[in-house]
Structure formats: C-alpha cells, structure tokens
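Count along the sequence shown from 1, add 4, and you get the number used in my numbering.
In this text, a Cβ means the ideal position worked out from N, Cα and C, and glycines have one as well.
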Amino acid sequence: MANLNLVQLVSVALVLTASTSGTASATAVKGIYWMDQPLFPASTINTSLFTHVYYAFLAPNATTFKLYVSNSSNITLTNFITAFRTRIPTILSIGGSNATSFSLIFSNNTTRATFINSTISVARAYGFDGVDLDWEFPQNSDDTNNLGSLFQEWRIAITADAALTRKPPLLLTAAVYFAVDFFLSDNPRTYPVTSINQNVDWVNVMSYNFHGSWNNDTGAPSGLFNPTRNISVVDGLKSWIGAGVKPEKLVMGMPLYGMTWQLEDPKVNGIGAAVMGPGPGSNGAMAYFKVLEFNMQKNAKVVYDVDTMSVYSYSGSYWIGYDDPLTVTAKVGYAQALSLGGYFFWAAGYDTNNWKISTQASKAWIVS
Ligand SMILES: *[C@@H]1O[C@H](CO)[C@@H](O)[C@H](O)[C@H]1NC(C)=O
Ligand SMILES: *[C@@H]1O[C@H](CO)[C@@H](O)[C@H](O)[C@H]1NC(C)=O
Ligand SMILES: *[C@@H]1O[C@H](CO)[C@@H](O)[C@H](O)[C@H]1NC(C)=O
Ligand SMILES: *[C@@H]1O[C@H](CO)[C@@H](O)[C@H](O)[C@H]1NC(C)=O
Ligand SMILES: *[C@@H]1O[C@H](CO)[C@@H](O)[C@H](O)[C@H]1NC(C)=O
Ligand SMILES: *[C@@H]1O[C@H](CO)[C@@H](O)[C@H](O)[C@H]1NC(C)=O
Ligand SMILES: *[C@@H]1O[C@H](CO)[C@@H](O)[C@H](O)[C@H]1NC(C)=O
Ligand SMILES: *[C@@H]1O[C@H](CO)[C@@H](O)[C@H](O)[C@H]1NC(C)=O
Ligand SMILES: *[C@@H]1O[C@H](CO)[C@@H](O)[C@H](O)[C@H]1NC(C)=O
Ligand SMILES: *[C@@H]1O[C@H](CO)[C@@H](O)[C@H](O)[C@H]1NC(C)=O
Numbered sequence: 005m006a007n008l009n010l011v012q013l014v015s016v017a018l019v020l021t022a023s024t025s026g027t028a029s030a031t032a033v034k035g036i037y038w039m040d041q042p043l044f045p046a047s048t049i050n051t052s053l054f055t056h057v058y059y060a061f062l063a064p065n066a067t068t069f070k071l072y073v074s075n076s077s078n079i080t081l082t083n084f085i086t087a088f089r090t091r092i093p094t095i096l097s098i099g100g101s102n103a104t105s106f107s108l109i110f111s112n113n114t115t116r117a118t119f120i121n122s123t124i125s126v127a128r129a130y131g132f133d134g135v136d137l138d139w140e141f142p143q144n145s146d147d148t149n150n151l152g153s154l155f156q157e158w159r160i161a162i163t164a165d166a167a168l169t170r171k172p173p174l175l176l177t178a179a180v181y182f183a184v185d186f187f188l189s190d191n192p193r194t195y196p197v198t199s200i201n202q203n204v205d206w207v208n209v210m211s212y213n214f215h216g217s218w219n220n221d222t223g224a225p226s227g228l229f230n231p232t233r234n235i236s237v238v239d240g241l242k243s244w245i246g247a248g249v250k251p252e253k254l255v256m257g258m259p260l261y262g263m264t265w266q267l268e269d270p271k272v273n274g275i276g277a278a279v280m281g282p283g284p285g286s287n288g289a290m291a292y293f294k295v296l297e298f299n300m301q302k303n304a305k306v307v308y309d310v311d312t313m314s315v316y317s318y319s320g321s322y323w324i325g326y327d328d329p330l331t332v333t334a335k336v337g338y339a340q341a342l343s344l345g346g347y348f349f350w351a352a353g354y355d356t357n358n359w360k361i362s363t364q365a366s367k368a369w370i371v372s
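So this is what it looks like as structure tokens:
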C-alpha cells in the first residue's frame with residue numbers, strides 16, 4: 005500500500021478536484037441526517053453548511069401500516085421543525101437499520117396506499133418539506149419490484165397532495181445500498197432503476213460500511229477506491245450510473261465516523277492487517293471527533309493511504325480507519341467529476357464541534 009505524506013495526498017486530491025467536468029450546479033444537495041440524541045440537539049446544526057436536514061427516524065406500525073408517532077417522538081419532531089422551519093428544508097426519514105415490516109407493507113397496493121397516505125399526513129402535520137425511505141434492505145426481487153411500485157404510487161400521491169394543499173410537492177428521497185445490485189448476496193437483486201429515475205427526487209447512496217468489526221482484517225470503511233475488490237465508493241457509484249440512473253439523482257454518502265479494530269500484532273499495522281476484533285468505541289465504530297481525541301491522547305500515527313484514498317491511525321494494538329477533511333475533499337471532487345447531485349453525511353453530532361469535515365466538504369463542492 006502506498007503511504008503518501010500529506011503534501012503528496014493533497015496533490016492527488018487537487019488533481020481529482022480539478023478534473024471535474026464543469027457541470028457543477030449551485031443547487032447541489034448537501035444533506036445531513038440527525039437522530040434524536042440528548043447530547044446533540046438539532047438546533048446545534050450549522051445550517052449554512054447544508055441544504056437539507058433529515059430527521060431519523062420514524063417507522064410504520066406493522067399492524068396499522070401507518071407511521072407510529074410516540075408522545076416522545078411528537079415532542080422531538082416538534083422541536084426539530086421549530087429549529088429549522090424557514091431556515092432550511094427538512095425531510096422526514098422513515099426506517100433505518102432497526103425498522104422491520106417494510107417487505108410486508110409494500111407487498112400489497114392497499115397497504116402501500118395506507119402507508120403513503122400516513123407519511124404525507126405526518127410530514128404535512130409537522131411542516132416537513134419531504135419524505136425519505138431508508139429501507140435496509142430489500143431482500144429479494146419481489147421486494148425491489150414492490151419498491152418500484154411504491155415510488156410510483158408515492159409520487160402520484162405527492163402530486164395530488166400538492167395540488168390539493170397548493171403547497172410545493174414534498175420531496176421524495178430514499179437511502180440505498182452502495183451499489184445498484186446486491187452482488188455480494190446469495191439472493192441477487194437490483195434496485196428499480198426506471199422507477200427511481202421517474203419518481204424519486206434523488207437517492208442517498210450509502211457509500212460506506214465496506215469494512216468493519218465483522219472482518220478479520222483492517223480496511224478502509226468507506227474507501228473511494230479499492231485496489232483488490234470492486235467494493236468502494238467509486239465502484240458503487242459507477243454501478244448505479246452504469247445501470248442507467250441519472251447521475252444527478254445520485255447523492256454520495258460519507259460517514260462522520262470511523263471503524264476500529266484491535267490488531268493481532270501491533271507491528272503489522274497497514275491495511276489488511278490481521279485483527280482480533282473490534283477496537284475502542286461503540287461496537288467498533290467511533291465518531292470523527294472522538295477519533296481526533298484518540299489520536300491526540302494516544303499520540304497515534306496517522307497514515308494517508310492513496311490506494312483507497314482513506315486515512316487510518318494506530319497506537320499500540322488499536323487501529324482506526326476513517327475519513328477526514330482531506331479524504332472528503334477527494335470524494336467531493338470525484339462526485340463532481342461524475343456529475344452527481346451532491347453528497348450527504350451520516351450523522352450530525354459526529355463531526356467536530358466546529359464542523360471541520362462538513363465545512364471542508366461544503367467548500368470543496370465547486371460552483372462554476
Ligand atoms: C457556520 O458555518 C459557516 C460557514 O463555514 C461559518 O461562517 C460560521 O461561522 C459557522 N457558524 C457557527 C456558529 O459555527
Ligand atoms: C400498532 O397498532 C396496533 C393496532 O392499533 C396497536 O395495538 C399496537 O400497540 C401498535 N404498536 C405500536 C408499537 O404502537
Ligand atoms: C400521550 O399523550 C396523550 C395526551 O397528549 C395522553 O392522553 C396519552 O396517554 C399519552 N400516551 C402515552 C403512551 O403516554
Ligand atoms: C403532539 O403534541 C401536541 C401538543 O402537546 C398535541 O396537540 C398533539 O395532539 C400531539 N400529536 C400526536 C400525534 O400525538
Ligand atoms: C437500533 O437499536 C439498537 C438497540 O435497541 C440501538 O442501540 C440503536 O441505537 C438503534 N439504531 C438506530 C439507528 O436507531
Ligand atoms: C391486500 O391487502 C388487503 C387488506 O389487507 C386485502 O384485502 C387484499 O386481499 C390484499 N390484496 C392482495 C392482492 O393480496
Ligand atoms: C389494487 O390493485 C387492484 C387490482 O389491480 C385494484 O383493483 C385496486 O383498486 C388497487 N387498490 C388500490 C388502493 O390502489
Ligand atoms: C389520507 O386518507 C384520508 C382518508 O381517506 C383522506 O381524507 C386524506 O386526504 C388522505 N391524505 C393524504 C395526504 O392523501
Ligand atoms: C463487482 O463485480 C461483480 C462480478 O463481476 C459484479 O457482478 C458486480 O456487479 C460488481 N459490483 C460493483 C459495485 O462494481
Ligand atoms: C480472513 O479470512 C479470509 C477468508 O477466510 C482469509 O482468506 C484471509 O487470509 C483472512 N485474513 C486475515 C488477515 O487473517
């Protein structure tokens with residue numbers, strides 16, 4: 005693995021950025037997901053760095069097929085909208101990695117209609133500007149076909165609602181797998197490309213979690229490139245474009261957290277080094293601001309790896325792979341070179357309190 009120094013890596017990042025095609029638009033999506041966290045109120049988000057703030061999450065009730073709003077969510081939703089209303093568009097995200105029952109609800113046009121109706125009602129009741137589906141993940145080709153129908157029916161309902169309320173139509177977005185097809189699964193399936201192009205404003209491509217505590221070696225959790233397998237940000241985005249999704253409908257995801265491991269041998273500490281299991285943090289994941297604390301407190305060695313365009317740090321037997329302002333600059337440049345619609349982050353509260361990564365990403369998106 006080529007370990008470049010900082011100056012060399014900056015040059016690579018600049019070359020990538022300079023290769024943008026010049027179709028950059030001022031209306032790039034710069035999204036961020038916020039989840040209910042006592043230590044990080046929504047009002048702390050610096051809205052000048054983003055174009056859309058996502059509320060994560062509500063989920064449907066598996067019996068009624070309608071969005072379930074608990075009394076505590078009711079308060080959180082109200083505070084969220086109060087923080088952002090009139091300042092920045094807000095999108096209600098439905099699902100998340102813990103949500104179940106989508107497969108059942110979406111399998112039938114009647115239950116789909118109940119679900120869709122409920123999402124629009126709740127979004128309008130609180131004053132959201134859009135709705136987002138984060139289904140992790142459709143499991144088979146029936147699921148992906150039903151997802152195509154869902155998007156189509158959702159679009160029709162949103163158009164009807166806009167006509168009825170004389171308000172701008174709600175935005176419709178969805179968080180999706182890093183690649184257009186689930187090629188690593190025993191049950192191959194492909195997202196409904198035509199329906200996405202026709203009905204969805206954009207998809208948030210989850211271009212991360214490629215490598216984590218489930219692996220037996222270290223790796224770039226969201227490497228822009230991957231010299232050994234086609235599991236990378238670029239491979240995934242190219243699969244979406246290759247399948248016919250319009251590039252402007254694609255929004256590239258970036259993690260504001262790293263993945264951590266415990267090395268088997270502290271002296272073997274590159275990418276692909278054998279590990280014993282997850283390192284510090286929460287189940288082997290660590291917010292970016294905590295990675296910086298770790299690096300400082302442990303006097304960790306920080307290494308840029310240009311083969312993956314990622315950064316890692318290690319100290320003793322602990323190893324962390326993550327993104328920082330420099331790797332994010334390269335990613336944003338690449339997203340523009342592909343004429344994508346923008347980028348998003350998971351999640352608010354994980355950046356430094358002065359928004360180092362988010363600020364750099366916003367600056368790196370060049371408006372021509
Ligand atoms: C928010 O970000 C903008 C743009 O980088 C910056 O000028 C401003 O100082 C930031 N505000 C806060 C409160 O951090
Ligand atoms: C879902 O709806 C059913 C029927 O109204 C209700 O009995 C159940 O408590 C609800 N579940 C949740 C988690 O709210
Ligand atoms: C939710 O709040 C309403 C009043 O707004 C109350 O009647 C109801 O019992 C509360 N539900 C729960 C589960 O606390
Ligand atoms: C949310 O809270 C408000 C104010 O307490 C109340 O009027 C409203 O009925 C609640 N909505 C839901 C869905 O519980
Ligand atoms: C999912 O559920 C687990 C266990 O209840 C919880 O710790 C985690 O925060 C949840 N994740 C999300 C994204 O809601
Ligand atoms: C769809 O669900 C409705 C209500 O649960 C049921 O009456 C209907 O038979 C279902 N349709 C199909 C095609 O399964
Ligand atoms: C569901 O599909 C059936 C058969 O195509 C149709 O008769 C029915 O009107 C549809 N229901 C809804 C709610 O769209
Ligand atoms: C949802 O369904 C109800 C009952 O049919 C209807 O009154 C309402 O207008 C619908 N809402 C939306 C947003 O479609
Ligand atoms: C990776 O390569 C496999 C085998 O050629 C292919 O089926 C899959 O679609 C590719 N995936 C990506 C994201 O490039
Ligand atoms: C991890 O597991 C794979 C497949 O079992 C094996 O080929 C590889 O050598 C292992 N890597 C390490 C670093 O132990």
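Using C-beta distances below 7 angstroms, list every residue in its chain close to residue i, excluding the 5 sequence neighbours before and after it, in chain order.
{"i": "S107", "result": "Q143 and D147"}
{"i": "D133", "result": "P93, T94, I95, L174 and L175"}
{"i": "Q364", "result": "P329, V332 and T333"}
{"i": "A339", "result": "M256 and Y347"}
{"i": "M210", "result": "A179, V180, Y181, F182 and G257"}
{"i": "M300", "result": "none"}
Buried or exposed: which applies to residue i, given that a residue is buried once 16 or more other Cβ atoms fall within 10 Å of its Cβ?
{"i": "I79", "result": "exposed"}
{"i": "D205", "result": "buried"}
{"i": "N191", "result": "exposed"}
{"i": "G1", "result": "Any answer about residue 1 is impossible in this case: the structure gives the chain only from 5 up to 372."}
{"i": "G276", "result": "exposed"}
{"i": "T312", "result": "buried"}
{"i": "G246", "result": "exposed"}
{"i": "I74", "result": "Sequence inspection shows Ser at residue 74; the Ile mentioned does not correspond to that position. Exposed, since its Cβ has fewer than 16 Cβ neighbours within 10 Å."}
{"i": "R193", "result": "buried"}
{"i": "P64", "result": "buried"}
{"i": "G240", "result": "buried"}
{"i": "T27", "result": "Bear in mind that a pLDDT of 46 at T27, under 50, signals an unreliable position, so the number given afterwards is only what the model happens to contain. Label assigned to T27: exposed."}
{"i": "R170", "result": "exposed"}
{"i": "A129", "result": "exposed"}
{"i": "G283", "result": "buried"}
Please check if any C-beta of chain D sits within less than 7 angstroms of the C-beta of residue i.
{"i": "V209", "result": "Protein chain content of the structure displayed is limited to a single chain, and chain D is not contained in it."}
Per the DSSP calculation, residue i is bridged to which residue(s)?
{"i": "F348", "result": "G35 and G257"}
{"i": "S325", "result": "The question names Ser, yet the displayed sequence has Gly at residue 325. According to DSSP, which records beta bridges pairwise, G325 is partnered with M263 and Y316."}
{"i": "W206", "result": "T177"}
{"i": "P282", "result": "W265"}
{"i": "G99", "result": "D138"}
{"i": "P64", "result": "L71"}
{"i": "K367", "result": "Beta-bridge pairing links K367 to no other residue."}
{"i": "V336", "result": "For V336, which the question treats as bridged, DSSP gives no partner whatsoever."}
{"i": "K4", "result": "Residue 4 is absent from the model: the chain starts at 5 and stops at 372."}
{"i": "H215", "result": "H215 is not bridged to any residue."}
{"i": "M300", "result": "None; M300 has no bridge partner."}
{"i": "Y59", "result": "W38 and L96"}
{"i": "T86", "result": "BP columns for T86 are empty, so no partner."}
{"i": "T331", "result": "Looking at the DSSP assignment, T331 forms no beta bridge with any residue, so it has no partner."}
{"i": "D185", "result": "T194"}
{"i": "A289", "result": "M263 and S286"}
{"i": "D221", "result": "A278"}
Between which residues of its own chain and residue i is the CB-CB distance below 6 angstroms, once the five residues before and five after are set aside?
{"i": "G152", "result": "P196 and S199"}
{"i": "T356", "result": "F293"}
{"i": "N50", "result": "W359"}
{"i": "G285", "result": "T264"}
{"i": "Y37", "result": "Y58, A60, W350 and A351"}
{"i": "Q41", "result": "G353"}
{"i": "P231", "result": "D311"}
{"i": "V32", "result": "According to the sequence displayed, residue 32 carries Ala and not Val. The residues are G346 and W369."}
{"i": "D138", "result": "S97, G99, G100 and A179"}
Can you list, in chain order, the residues of its chain whose CB lies under 8 angstroms from that of residue i, leaving out five sequence neighbours each side?
{"i": "V272", "result": "A278"}
{"i": "E267", "result": "One point to set straight first is that residue 267 is Leu, not Glu, in the sequence displayed. T222, N273, A277, A278, V279, M280, Y318, S321, Y322 and W323."}
{"i": "I120", "result": "L154, E157, W158 and A161"}
{"i": "N287", "result": "S217"}
{"i": "A368", "result": "T21, V332, T333, V336 and G337"}
{"i": "N203", "result": "F155, Q156, W158, R159 and L176"}
{"i": "N220", "result": "A278 and V279"}
Under the assumption that residue i contacts residue j (Cβ atoms under 8 angstroms), give the Cβ distance between them as a whole number of angstroms.
{"i": "L71", "j": "T123", "result": "6 angstroms"}
{"i": "A66", "j": "T104", "result": "7 angstroms"}
{"i": "V238", "j": "S226", "result": "With a Cβ gap of about 11 angstroms, V238 and S226 do not count as contacting."}
Residues with C-beta closer than 6 angstroms to any heavy atom of ligand 9, in chain order: A183, D185, F187, N234, D239, G240 and S243
Residues near ligand 8, criterion Cβ-heavy atom distance below 6 angstroms: N121, I124, S125, A161 and D165
Within 5 angstroms of ligand 1: residues by beta-carbon to any heavy atom: N50, S52 and T363
Pocket of ligand 6 defined by Cβ to heavy atom distance under 5 angstroms: N112 and T114
Chain-ordered residues, beta carbon under 6 angstroms from a heavy atom of ligand 10: N220, D221 and A278
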